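Asker: One structure coming up, written as structure tokens, with questions to follow.
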Amino acid sequence: MIADQTDIIRPMDERALARVRSIESAMMALDQVQMPVHHTIHGGVYTRSLRMPAGVMLAGALIRVPTTIVVSGDVTVWANDQTMRVRGYRFLVGSAGRKQVFVAHDDTDLTMMFATCAKSVDEAEREFTDEW
1145 MIADQTDIIR PMDERALARV RSIESAMMAL DQVQMPVHHT IHGGVYTRSL
1195 RMPAGVMLAG ALIRVPTTIV VSGDVTVWAN DQTMRVRGYR FLVGSAGRKQ
1245 VFVAHDDTDL TMMFATCAKS VDEAEREFTD EW
């Protein structure tokens, strides 16, 4: 742990990534919830935010770059075959090479950011994942 309010999501091995992909595949049979993404590039930082309604499960993209994730709400994060309950306002340090599942227990805002030289949102999305 880096500091009291920081948790690290480490890179995932192929077995852990396969489990998240399996969960993601099963989720496709469920009703899908639209969660608009708001994103910007400013000062060399790409930022994307969304609000997860309570009761919603989300499988994130495979992330290729280190990021910081700001959580405001109540959510369980599953990565590397481990769960982490995140309540209140906290930030997580996310390593490159990870794919998480989130389950919102209350309406939860998630914001991910990373340093970039991208000149557009499209470039930044292609930088951080192949699953854009």
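Numbering (the numbering used here), first residue to last: 1145 to 1276. Just so you know, even glycine gets a beta-carbon here, dropped at the ideal spot from N, CA and C. Quantities reported herein were computed from a predicted structural model and do not represent experimental measurements.
1) Could you check what DSSP says for A1147 in three-state terms: helix, strand or coil?
2) Once the 5 residues before and after G1217 are set aside, which same chain residues still bring their CB inside 7 Å of it?
3) Got a sec: does the ligand HEM put a non-hydrogen atom nearer than 7 Å to the Cβ of L1174?
4) Terminal residues of the continuous alpha helix (DSSP H) containing L1161?
5) What span of residues does the beta strand (DSSP E) with D1218 cover, start to end?
Answerer: Straight from the coordinates:
1) Since pLDDT at A1147 reaches only 43, below the 50 mark, its modelled position is unreliable, and the value read off the structure follows with that caveat. Looking at A1147 - three-state DSSP - the assignment turns out to be coil, as it is neither helix nor strand.
2) A1248, D1250, D1251, T1252 and D1253
3) With respect to the ligand HEM, the structure offers nothing, as it holds no ligand at all.
4) E1158 to M1171
5) T1211 to A1223
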